[in-house]
Amino acid sequence: MKTCYVFPHVPKCGGTSLLTQLRTSGLTMHEDYESYNGPQFIDANADTQDFGRNDLIFGHFPVDRYIGPEFRYIALVRDPLDRVISNYHFHMQWGIDRPEDTGFFAEFGREIAKGNVNIVQYIMKAPNMRMVYKNFLRYWGNHRFTLIGRTDRYGEFAERLNELLGTQVSAGVRERESGRKLDLPQRVIDQAHRLLGEEYHWFNKFVDTAV
């Protein structure tokens, strides 16, 4: 039976730039960027029996969309607060770049740009921001993954990924940078860590074996 690797793309963990290279790697890929957690979930699960022909499934989806003896799992994760900060900048830029967009995140992003939403308020108010890993990786234990990478050790991850998939992914791949930095006082960092407590509890165990 052919092994098919399943790689959920957790937002703001370097997946977009990695995907650019994977698309030209020669792998047989299925890109799944349907709703990662919504009404299409059941239908997507029903279709997975045909996906074993792929070398890799990559995209925004919950990891348990693809379960079966032919599947092996890969994850690339990032410190939860660093990931949230990147998301914060992403939504701010989204609102700035789309002035005619009246959707929630565009409006929210414009409020961030005006200085009306700080990082703690963002964590509290942005939907699912305190359970991103729970949504995508279901808080699975690290024993269920063939390869786990950390964005702060990306070079090691890229090397292991190349060995696993026979690719030539560059160690220089990084998630798109906004160019903005947040200089957060320690009390704000502590508050953010408390709000992200469940994510950190899982993350710290999960990365024990990460490259």
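This note's numbering puts the sequence shown at residues 89 to 299.
Glycine included, C-beta positions come from ideal geometry on N, C-alpha and C.
| Query | Result |
| --- | --- |
| Sub-8 Å separation of G102 and L164 beta-carbons | yes |
| Residues near L252 in its chain [Cβ-Cβ closer than 8 Å; skip 5 each side] | Y93, I162, T234 and L235 |
| For R141, the three-state DSSP class (helix, strand or coil) | helix |
| Contact under 8 Å by Cβ, L107 with T255 | no |
| Integer-rounded CB distance, given that A246 should sit under 8 Å from A259 | 4 Å |
| Local conformation of G299 per DSSP, three classes | Correcting the residue identity first, residue 299 is Val in this sequence and not Gly. Note: V299 maps to coil in three-state DSSP. |
| C-alpha distance - G183 paired with H97, whole-angstrom precision | 23 Å |
| G237: first and last residue of the uninterrupted beta strand (DSSP E) it sits in | L235 to R238 |
| Through-space distance from R171 to P273, alpha-carbon basis | 18 Å |
| Cβ-based burial, L284 [other Cβ within 10 Å; buried from 16] | buried |
| C-alpha gap between V220 and A214, whole angstroms | 11 Å |
| Where H289 sits in the DSSP three-state scheme | helix |
| Reference R141, options L115, N216 and G229, closest by Cα | L115 |
| Distance CB(P300)-CB(E287) smaller than 8 Å | Nothing can be reported for residue 300: it is not among the residues displayed for the chain, which extend from 89 to 299. |
| V299 versus K269: straight-line alpha-carbon distance, rounded | 26 Å |
| A259: first and last residue of the uninterrupted alpha helix (DSSP H) it sits in | Unbroken run through A259: none, as it is neither H nor E. |
| With 16 other Cβ atoms within 10 Å as the buried cut-off, status of D120 | buried |
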